[in-house]
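Undergrad: Here it is, the structure, as structure tokens.
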Amino acid sequence: MTFWIQHGFGKASKIETVARTGLLSGVVLSPADEELATLTSTARMIHGLGVSSLLDPQLYVHTISGGVARCHESNGLDFGEISWFVSPGEIADHVSEVVATNQHLSMEEIIAPTPYQVSFGDVWTPLSLQYARATISEADRPVYVSLVAEDSAFSDWEQTQRYMDALTRLDATGIYLIVGTSGRTYPLQWEPERLANILRVIHTLSVYNEYDVLWGYSDIAGLLGVAVGATGAATGWYHSLRMWTTGKWVPQSGGRQANPRILVQSLLSAIGRTDEAIGIARSREGARVFPDSDERRGLVREDTWGIADSWDQHLDAMARLHQSLDEDADVSERVVDVQQRLDSAVELIDDLTGAGVYMDAAHRRRLLALTEAVQRFVADEDL
Numbered sequence: 157m158t159f160w161i162q163h164g165f166g167k168a169s170k171i172e173t174v175a176r177t178g179l180l181s182g183v184v185l186s187p188a189d190e191e192l193a194t195l196t197s198t199a200r201m202i203h204g205l206g207v208s209s210l211l212d213p214q215l216y217v218h219t220i221s222g223g224v225a226r227c228h229e230s231n232g233l234d235f236g237e238i239s240w241f242v243s244p245g246e247i248a249d250h251v252s253e254v255v256a257t258n259q260h261l262s263m264e265e266i267i268a269p270t271p272y273q274v275s276f277g278d279v280w281t282p283l284s285l286q287y288a289r290a291t292i293s294e295a296d297r298p299v300y301v302s303l304v305a306e307d308s309a310f311s312d313w314e315q316t317q318r319y320m321d322a323l324t325r326l327d328a329t330g331i332y333l334i335v336g337t338s339g340r341t342y343p344l345q346w347e348p349e350r351l352a353n354i355l356r357v358i359h360t361l362s363v364y365n366e367y368d369v370l371w372g373y374s375d376i377a378g379l380l381g382v383a384v385g386a387t388g389a390a391t392g393w394y395h396s397l398r399m400w401t402t403g404k405w406v407p408q409s410g411g412r413q414a415n416p417r418i419l420v421q422s423l424l425s426a427i428g429r430t431d432e433a434i435g436i437a438r439s440r441e442g443a444r445v446f447p448d449s450d451e452r453r454g455l456v457r458e459d460t461w462g463i464a465d466s467w468d469q470h471l472d473a474m475a476r477l478h479q480s481l482d483e484d485a486d487v488s489e490r491v492v493d494v495q496q497r498l499d500s501a502v503e504l505i506d507d508l509t510g511a512g513v514y515m516d517a518a519h520r521r522r523l524l525a526l527t528e529a530v531q532r533f534v535a536d537e538d539l
């Protein structure tokens, strides 16, 4: 299994719901969102369900201007504001805190702390490797090295390769990857060249260097990551758990509740419930898009589906999409499978719009961007 849940504030019961389907591989816990007693209880619940768990130490929050991690101190992660000239002694202290918190929560593997990088040549780049080395040296259990970088960092492939050369010298079990997409909103529109290079990174780390690669906050793009070699991909119930932005960590006033969305497996898209899904369900194409008759009827009855239902549905649909990927197939076969799914989704959208059913044109653009990224990956890796 390759589906992971990205944990956030509240709603821990949703983890149990997905776990009981047998489709959940693991959970990435957030120490910023629960006090120690609650986080300990959540970790204990996850262990009892028999699924894997990892703790994201989220040190990167403290390298973001204005970044706040509400519950870090409660969880023994007293990082404070971190500058690029942090001393070796401070790095050692931070690592010790991360190791101690993992021990308290009975984590079997440790995610190393790391800063947030805008590029692989910025002032944080050497520190990211220092934090990784320090964690590997101190930890008494297997380590996942963190790689947390803005998607723009992957635009320069030569610079990315140089960073990879250093990263792959580390004696670690795995890589925990987070790709920032700051300034954008959900559902995410990927830039094809950057995403293609991200897929190349995942492929290089997993296939050639034999690291376990877990791609956090990856949502639908995580399926592409798994196709090229990632051992897992994570998403969550809130939009802020489905894509990573620096804005998630900077307190803001106001805001409004997100529009309930439905993740349609055949469309590989999270579409609006009220403005798109209901119209599709009522159309002659309804059974083709929503083959589950109970789900289709539930959508038509407008008063029976709210934001909480959309959270549950998203996690369940993502888990089933991951299940449908053949883990025993090789990379080439999985990539062909994903390409065919993307092509079919675009064709279905075209059929819907051709039949006069409303769909936001952005869905098609997002799918075409994913398609182009996969095509670039295939060409670059000569698959």
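Under the working numbering, the letters of the sequence shown match residues 157 to 539, in that order. By construction, the Cβ of each residue, glycine as well, lies at the ideal position given by its N, Cα and C atoms.
Look up Val513 in the DSSP assignment and say whether it is helix, strand or coil.
TA: The residue labelled residue 513 in the question sits at position 357 within the sequence shown. DSSP places Val513 in coil when its eight states are reduced to three.
Undergrad: Buried or exposed: Trp240, going by 16 or more other Cβ atoms within 10 Å of its Cβ?
TA: Taking the sequence shown and counting its residues from 1, one reaches residue 240 at position 84. Classification of Trp240: exposed, given that the 10 Å Cβ count is below 16.
Undergrad: Would the stretch 483 to 496 and the stretch 446 to 455 be scored as touching if the rule is three or more Cβ pairs under 8 Å?
TA: Contact fails: fewer than three Cβ-Cβ distances are below 8 Å.
Undergrad: Can you give the Cα-Cα distance for Arg540 and Gly378, rounded to whole angstroms?
TA: With the chain covering only 157 through 539, there is no way to say anything about residue 540.
Undergrad: What are the boundary residues of the beta strand (DSSP E) that includes Ile418?
TA: For the purposes of this step, residue 418 is identified with residue 262 of the sequence shown, where counting begins at 1. Unbroken beta strand (DSSP E) run through Ile418: 417 to 420.
Undergrad: With distances taken between CB atoms, is the gap from Arg417 to Gly428 smaller than 8 Å?
TA: Reading the sequence shown from its first residue, position 261 is the one you call residue 417. Reading the sequence shown from its first residue, position 272 is the one you call residue 428. The answer is yes: Cβ separation under 8 Å.
Undergrad: In the DSSP output, which residue or residues are listed as bridge partners for Asp368?
TA: The residue you call residue 368 lines up with position 212 of the sequence shown. Its beta-bridge partners are Gly330.
Undergrad: Taking C-alpha atoms, which residue in Gln315, Asp307, Tyr319, Gly339 lies nearest to Gln286?
TA: Locating residue 286 in the sequence shown gives position 130, where the first residue counts as 1. Ranking Gln315, Asp307, Tyr319, Gly339 by Cα distance to Gln286 puts Tyr319 first.
Undergrad: The alpha helix (DSSP H) with Glu314 in it runs from where to where?
TA: Along the sequence shown, read from residue 1 onward, the residue named residue 314 stands at position 158. Where Glu314 is concerned, the enclosing alpha helix (DSSP H) stretches over 313 to 323.
Undergrad: Under the three-state reduction of DSSP, which class applies to Glu441: helix, strand or coil?
TA: Counting from 1 along the sequence shown, the entry for residue 441 is found at position 285. It is coil, neither helix nor strand.
Undergrad: Looking only at its chain, what residues have a beta carbon closer than 6 Å to the beta carbon of His478, apart from the 5 residues adjacent to it on each side?
TA: For the purposes of this step, residue 478 is taken as the residue at position 322 of the sequence shown. Excluding positions up to five away in sequence, the list reads Thr158, Phe159.
Undergrad: Do you know how far the Cα of Trp280 is from the Cα of Val335?
TA: Taking the first residue of the sequence shown as position 1, residue 335 is located at position 179. Taking the first residue of the sequence shown as position 1, residue 280 is located at position 124. Their backbone Cα atoms lie some 15 Å apart in a straight line.
Undergrad: Hey, is the stretch 219 to 237 in contact with the stretch 172 to 190, meaning 3+ C-beta pairs nearer than 8 Å?
TA: Output reads yes: the stretch 172 to 190 touches the stretch 219 to 237.
Undergrad: Where are the alpha helix (DSSP H) runs, 4 residues long or more, that stay fully inside the stretch 262 to 298, in chain order?
TA: Listed in chain order, they are 281 to 294.
Undergrad: In angstroms with no decimal places, state the Cα-to-Cα distance between Gly388 and Val363.
TA: The sequence position of residue 388 within the sequence shown is 232, counting from 1. The sequence position of residue 363 within the sequence shown is 207, counting from 1. In a straight line, the C-alpha of Gly388 is about 14 Å away from that of Val363.
Undergrad: By DSSP's criteria, Ile247 is part of a beta bridge. Which residues make up the other side?
TA: Counted from its first residue, the sequence shown places residue 247 at position 91. According to DSSP, Ile247 bridges with nothing at all.
Undergrad: On the premise that Gly164 lies in contact with Gly392, defined as a C-beta separation below 8 Å, what is that separation, rounded to the nearest angstrom?
TA: Along the sequence shown, read from residue 1 onward, the residue named residue 392 stands at position 236. Along the sequence shown, read from residue 1 onward, the residue named residue 164 stands at position 8. Going by Cβ atoms, the distance from Gly392 to Gly164 rounds to 5 Å, so yes, they are a contact pair.
Undergrad: Take the Cβ of Ala390 as the centre, count every other Cβ of all protein chains shown within 10 Å, and call the residue buried at 16 or more, exposed below.
TA: In the sequence shown, the residue the question calls residue 390 occupies position 234. Answer is buried; the Cβ neighbour count reaches 16.
Undergrad: How should Pro343 be labelled, buried or exposed, when 16 other C-beta atoms within 10 angstroms of its C-beta is the threshold for buried?
TA: Locating residue 343 in the sequence shown gives position 187, counting from the first residue. Pro343 comes out buried.
Undergrad: Could you check which residue in Gly178, Ser302, Met201 has the C-alpha nearest to that of Lys167?
TA: Reading the sequence shown from its first residue, position 11 is the one you call residue 167. It is Met201.
Undergrad: Could you work out which residue in Tyr272, Asp249, Ala295 is closest to Ile266 when comparing CA atoms only?
TA: Within the sequence shown, residue 266 is the residue found at index 110, counting from 1. The residue with the shortest Cα to Cα distance from Ile266 is Ala295.
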